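Following: one structure in structure tokens, then a few remarks.
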Amino acid sequence: MPPRTTPTQRQRRLGAEIKKMRTEAGLTAEYVAGLLGIDRGKVSNIESGTRNISPDRLRTLAKHCACPDERYLSALIELTEPPQPRWWDEYRGKLSSGLLDIVELEWHSTRIQTIQTVHVPGLLQTEDYARSIFAAVLPALSRLEIELRVAHRMGRQRVLTREQPVGYVGYVHEAALRMLFGGRDATREQLKALIEASERPNVRVRVLPVDRGSFPGAGHALLYAEGPVPQLDTVQLDSAHGPEFMHTELQLARYRAHLDWMDDACLSPKASQDFIHSIIRSL
């Protein structure tokens, strides 16, 4: 089977973990090629995510790398499974691969935490609110492109309402709640929907009031997706060139500290609901 031309973020992550396992064990790519009975080029392809690795070969590699963590290894083996058809496949070739990588990351996560400072979290947005955000993109999107993005964003929300919903915590700065995306009526309905969503057992919304002053990562949106084991957690940040995914130990530690700060500083879920109600009354 030829190498993939466009591996997904999930496939690239498996390759990155295999490379980390190999380098931390001090093994060369040539040694691993001989160990697994493949050529050197295939090792590079595996580590770049353009070629898959079988569970048996992965276990062989883990054994020679002295990887004792069975939970971590089992999670890696799960990543080797061929992707199953998913609802977001209908957007392939219509939306960027980065947007599809985000929804795949969310779908396979065990818990999601986000920080938003400019607008309400995408997983909790209404259609009108989301449409107003995409309508403001430069260069301007066509009506079809806007509607594709709105439909995709609404689809992402299935992760919170499916049979086994993912746990979600959304930290939202007060400034984001007061931005009038789509006008007062659209914002009012959005804030009502935000309160309604926060009443689900798997969803918590936490507000950071402006009177708390400065805070870490001001101005940057953050998505932290927990994996089946902590080593497979992933951070996703937005950039002008598309989503960026980070997962080194130092990066994960930095953003875990960021989330811990928000957890300490934000209002409680109940106080956050009351705070949002007060903003609704002011609109």
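Each residue of the sequence shown is one higher than the one before, starting from 1 at the first, in UniProt numbering. Where is the CB? At the ideal position from N, CA and C, for every residue including glycine. Since the model is a prediction, treat every value here as computed from it, not as a measurement.
In this structure, how does DSSP classify residue i when only helix, strand and coil are distinguished?
{"i": "F245", "result": "strand"}
{"i": "V103", "result": "helix"}
{"i": "G41", "result": "helix"}
{"i": "E81", "result": "coil"}
{"i": "Q125", "result": "coil"}
{"i": "Q236", "result": "strand"}
{"i": "H119", "result": "coil"}
{"i": "T114", "result": "strand"}
{"i": "H220", "result": "coil"}
Could you tell me how far apart the beta carbons of residue i and residue j are, in whole angstroms, since I believe they sit closer than 8 Å?
{"i": "F134", "j": "L124", "result": "With a Cβ gap of about 16 Å, F134 and L124 do not count as contacting."}
{"i": "Q9", "j": "E104", "result": "7 Å"}
{"i": "R176", "j": "V118", "result": "First, the residue type needs correcting, since residue 176 is Ala and not Arg in the sequence shown. Rounded, the Cβ-Cβ distance is 5 Å, consistent with contact."}
{"i": "Y168", "j": "I102", "result": "Their Cβ separation, rounded to whole angstroms, is 14 Å, which puts Y168 and I102 out of contact at 8 Å."}
{"i": "V172", "j": "P121", "result": "7 Å"}
{"i": "G242", "j": "G98", "result": "4 Å"}
Between the options, which lies nearest to residue i when the distance is taken from Cα to Cα?
{"i": "A66", "options": "R22, I38 and R10", "result": "R22"}
{"i": "A197", "options": "G213, R12 and Q157", "result": "Q157"}
{"i": "residue 301", "options": "V166, F215 and L76", "result": "As displayed, the chain neither begins before 1 nor continues past 283, which places residue 301 out of reach and without an answer."}
{"i": "S109", "options": "T234, D56, H247 and I195", "result": "T234"}
{"i": "S278", "options": "A240, T8, L73 and L191", "result": "L191"}
{"i": "G37", "options": "L79, S48, E226 and D56", "result": "D56"}
{"i": "R86", "options": "H173, L95 and L100", "result": "L100"}
{"i": "Y72", "options": "G182, Q231, V203 and A240", "result": "Q231"}
{"i": "E78", "options": "W88, L95 and G15", "result": "G15"}
{"i": "L76", "options": "Y255, V210 and S54", "result": "S54"}
{"i": "Y91", "options": "V137, E147, K63 and V210", "result": "E147"}
{"i": "P269", "options": "V203, P82 and L58", "result": "V203"}
Residues in its own chain within less than 6 Å of residue i by CB, not counting five upstream and five downstream?
{"i": "L237", "result": "E244"}
{"i": "E145", "result": "none"}
{"i": "A130", "result": "V150 and R153"}
{"i": "A221", "result": "Q116 and D238"}
{"i": "A25", "result": "C65"}
{"i": "S272", "result": "V205, R206 and V207"}
{"i": "R12", "result": "G49"}
{"i": "E47", "result": "G15, I18 and K19"}
{"i": "M246", "result": "V235"}
Measure the C-alpha to C-alpha separation of residue i and residue j and round it to an integer number of angstroms.
{"i": "Y31", "j": "L223", "result": "37 Å"}
{"i": "L160", "j": "E106", "result": "10 Å"}
{"i": "I280", "j": "L208", "result": "16 Å"}
{"i": "G170", "j": "G34", "result": "47 Å"}
{"i": "T6", "j": "T50", "result": "7 Å"}
{"i": "G213", "j": "E174", "result": "11 Å"}
{"i": "T248", "j": "L194", "result": "33 Å"}
{"i": "L138", "j": "A240", "result": "11 Å"}
{"i": "S44", "j": "T60", "result": "17 Å"}
Which same chain residues, not among the five before or five after residue i, have their C-beta less than 7 Å away from its C-beta?
{"i": "Q251", "result": "V235"}
{"i": "residue 285", "result": "Residue 285 is absent from the structure shown; the chain starts at 1 and stops at 283."}
Is any heavy atom in the ligand SAH found nearer than 6 Å to the beta carbon of residue i?
{"i": "S96", "result": "Absent from the structure shown: the ligand SAH. Ligands present: none."}
At the 7 Å Cβ level, is residue i part of the contact set with chain C, yes or no?
{"i": "V169", "result": "The structure shown has no chain C; it contains just one protein chain."}
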